[in-house]
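Accompanying notes for the structure given below.
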Amino acid sequence: MLNTSKMFFLFIMAISIVIVISSESWLGMWMGLEMNLISFIPILFSSKNNSSSESCMIYFLTQSLGSILMLMSVLLNSSFMMTPLMSEELFNTMLMFSMLIKLGVPPFHFWFPEIMEKATWSNCFILMIGQKIAPLFILSHVISSMPVVIIMITAMTGSIGGLNQTSIRKIMGYSSINHLSWTMACMKFNNEMWPLYWLIYSLITLMMVIMLQEYYSFHINQLLSLNSSFMEKSLIITLFLSLGGMPPFIGFLPKWLVIQAMITSSSITTLMIMIVSSLITLFYYLRLISSTLLINSSSMKWYQTNEMNSNLIMLMLMINISLPVVLTLSF
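Going by my numbering, the final residue of the sequence shown carries number 1538, and the count climbs one at a time with no gaps.
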């Protein structure tokens, strides 16, 4: 059960995201981002982890750097010392890089997997989803000035970075970086579609975090000891495949929409790199699935696990399998 202080900071965090989205000025957006940062630090620090203070410091310094760069861009944009064309170009570039730092886009990504490794699953979800909504919204305003090569580097970093990892939280972190590249590609080639991509990714991530939190799994070897039912294993497998973008699960649908937009824009080279990176991501998810499915857990009966509500499991399976059909028909 959430305590009162954590509920308060979560409420402030939600308000800050609304402020960023609804603000009509860049300074208002900056203030919303600062509220978002200040509200998340106590949540990150409240986790029962000896290294939480280190995570808070790394997160605060990184986000502060992005905030300073954004504030400088806003001040330079209102300066009369430069021509309008030079001012707009410099503003877009500085604002773009400030959001890339806040999002953890390569080469500014090194802090992200480290904080993921030291956080609880609930904080990991906030870090992967909630803390990226506001920067993504601001980035969508200047996405036209972003080179496509940044998207390609982000995709390959997110896929290759997770190959040699044994920590599930780090794997989810690098997977989040890979999905970030698909989100930016969606912005670049069809700016109106990216909220749908992020919504579907958020839904899959939420279901995955619920499962991993329920079984208290943080490393691959802990998946070997899952003494779970067939339905629970089926749900874990479908969620991993969905995160990897395997059809016909729900995670494939937003990627298919991005692929269509990129084909329409004739960005074939970028598309091929994105698909290869997605296949690499799917590979390390298949490695996790083999730990869950192919190895008999009967020798691990000593490991105690909780039994999940069967209705909740069925609901998650229906969302993961049936929802793509409904959404496809609507499109």
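Ideal Cβ positions, reconstructed from N, Cα and C, are used throughout, including at glycine.
The structure presented is a predicted model; accordingly, all values stated were derived computationally and were not measured.
How would you call S1212, buried or exposed, if buried means at least 16 neighbouring beta carbons within 10 angstroms? Position 5 of the sequence shown, counted from the first residue, corresponds to residue 1212. With fewer than 16 other Cβ atoms within 10 Å, it is exposed.
Output yes or no for whether 8 Å exceeds the beta carbon distance between I1411 and G1458. Residue mapping note: residue 1411 aligns to position 204 of the sequence shown, counting from 1. Residue mapping note: residue 1458 aligns to position 251 of the sequence shown, counting from 1. It is a contact, given that the beta carbons lie within the stated cut-off.
Please state whether the Cβ-Cβ distance between L1283 and L1272 is less than 8 Å. Within the sequence shown, residue 1283 is the residue found at index 76, counting from 1. Within the sequence shown, residue 1272 is the residue found at index 65, counting from 1. No, the Cβ-Cβ distance between L1283 and L1272 is not below 8 Å.
Cα separation between E1295 and M1277? As a first step, residue 1295 must be located in the sequence shown, where it is residue number 88. As a first step, residue 1277 must be located in the sequence shown, where it is residue number 70. Straight-line Cα distance between these residues: approximately 13 Å.
How many Å lie between M1469 and S1260 at the Cα? The count along the sequence shown starts at 1 and reaches residue 1469 at position 262. The count along the sequence shown starts at 1 and reaches residue 1260 at position 53. Those two C-alpha atoms are separated by around 42 Å.
Anticipated Cβ contact below 8 Å, C1393 with V1483, distance rounded: Within the sequence shown, numbered from 1, the residue matching residue 1393 stands at position 186. Within the sequence shown, numbered from 1, the residue matching residue 1483 stands at position 276. Incorrect: roughly 18 Å between the Cβ atoms, too far for contact.
So, is I1487 buried or exposed, given that buried needs 16 or more other C-beta atoms within 10 angstroms? Looking up residue 1487 in the sequence shown gives position 280. Result: buried.
By alpha-carbon positions, which one of M1391, S1347, L1346 and M1335 ends up nearest to I1360? Within the sequence shown, the letter at position 153 stands for residue 1360. For the residues M1391, S1347, L1346 and M1335, the minimum Cα distance to I1360 belongs to M1391.
Of the listed residues I1250, V1227, M1220 and S1223, nearest to N1176 (C-alpha basis): In the structure as shown, the chain begins at 1208 and stops at 1538. Residue 1176 is therefore absent and cannot be evaluated.
Quick check: E1241 and S1274, are their CB atoms within less than 8 Å of each other? Within the sequence shown, numbered from 1, the residue matching residue 1241 stands at position 34. Within the sequence shown, numbered from 1, the residue matching residue 1274 stands at position 67. Yes. Within cutoff.
Beta-carbon spacing of I1475, M1363 below 8 Å: Locating residue 1475 in the sequence shown gives position 268, where the first residue counts as 1. Locating residue 1363 in the sequence shown gives position 156, where the first residue counts as 1. No, they are not a contact pair.
Indicate the three-state DSSP secondary structure (helix, strand or coil) for S1374 in the structure shown. On the sequence shown, position 167 is the one that residue 1374 refers to. Reduced to three states, the DSSP call for S1374 is strand.
Considering only the beta carbon of each residue, do I1384 and G1368 sit closer than 8 Å? As a first step, residue 1384 is located in the sequence shown; it is residue number 177 there, counting from the start. As a first step, residue 1368 is located in the sequence shown; it is residue number 161 there, counting from the start. Cβ atoms of I1384 and G1368: closer than 8 Å.
Comparing C-alpha positions only, which one of A1326, L1489 and T1269 sits nearest to W1318? Position 111 of the sequence shown, counted from the first residue, corresponds to residue 1318. Per the Cα distances, T1269.
According to the neighbour-count rule (16 or more other Cβ atoms, all chains shown, within 10 Å of its Cβ), is F1490 buried or exposed? Taking the first residue of the sequence shown as position 1, residue 1490 is located at position 283. Exposed is the call here.
6 Å CB neighbourhood of L1495 in its chain, flanking five on each side removed: The residue labelled residue 1495 in the question sits at position 288 within the sequence shown. These residues qualify, in order along the chain: F1447.
Can you give me the Cβ contacts of F1332 inside the same chain, cut-off strictly under 8 Å, excluding the 5 residues immediately before and after it? Translated into positions along the sequence shown, residue 1332 becomes position 125. Contacts found: T1412, L1413 and V1416.
Hey, is the region 1393-1403 in contact with the region 1303-1316, meaning 3+ C-beta pairs nearer than 8 Å? no
Within 10 angstroms of its Cβ, does E1231 collect 16 or more other Cβ (buried), or is it exposed? The count along the sequence shown starts at 1 and reaches residue 1231 at position 24. Flag for E1231 reads exposed.
Applying the 10 Å Cβ sphere with the 16-neighbour rule, what's the burial state of V1227? The residue you call residue 1227 lines up with position 20 of the sequence shown. Counting Cβ neighbours within 10 Å, V1227 comes out buried, since at least 16 surround it.
Return the CA-CA distance between N1428 and S1497, expressed in angstroms with no decimal places. For the purposes of this step, residue 1428 is identified with residue 221 of the sequence shown, where counting begins at 1. For the purposes of this step, residue 1497 is identified with residue 290 of the sequence shown, where counting begins at 1. Their backbone Cα atoms lie some 11 Å apart in a straight line.
Are the beta-carbon atoms of S1347 and G1365 separated by less than 8 Å? Sequence index remark: in the sequence shown, residue 1347 carries index 140 (1-based). Sequence index remark: in the sequence shown, residue 1365 carries index 158 (1-based). Contact flag unset, no.
Locate the alpha helix (DSSP H) running through I1275, then write down its first and last residues. Counting from 1 along the sequence shown, the entry for residue 1275 is found at position 68. Counting along the chain, the alpha helix (DSSP H) containing I1275 begins and ends at S1259 to N1284.
Taking W1389 as the reference, give the member of M1353, C1263, L1478 and L1217 with the closest Cα. Residue mapping note: residue 1389 aligns to position 182 of the sequence shown, counting from 1. Minimum Cα distance to W1389 is reached at L1478.
Determine whether the beta carbon atoms of W1154 and L1406 lie at a separation below 8 Å. In the structure displayed, the chain extends from 1208 to 1538; residue 1154 sits before or after that span and is not available.
Cβ separation of K1339 and L1310, assumed to be a contact under 8 Å, to the nearest whole Å: One-based indexing of the sequence shown puts residue 1339 at position 132. One-based indexing of the sequence shown puts residue 1310 at position 103. Confirmed, Cβ separation roughly 6 Å.
Looking only at DSSP bridge pairs, what is H1179 linked to? This structure cannot settle anything about residue 1179, because the visible part of the chain is limited to 1208 through 1538.
May I ask you to report which of helix, strand or coil DSSP gives P1320? For the purposes of this step, residue 1320 is identified with residue 113 of the sequence shown, where counting begins at 1. Helix.
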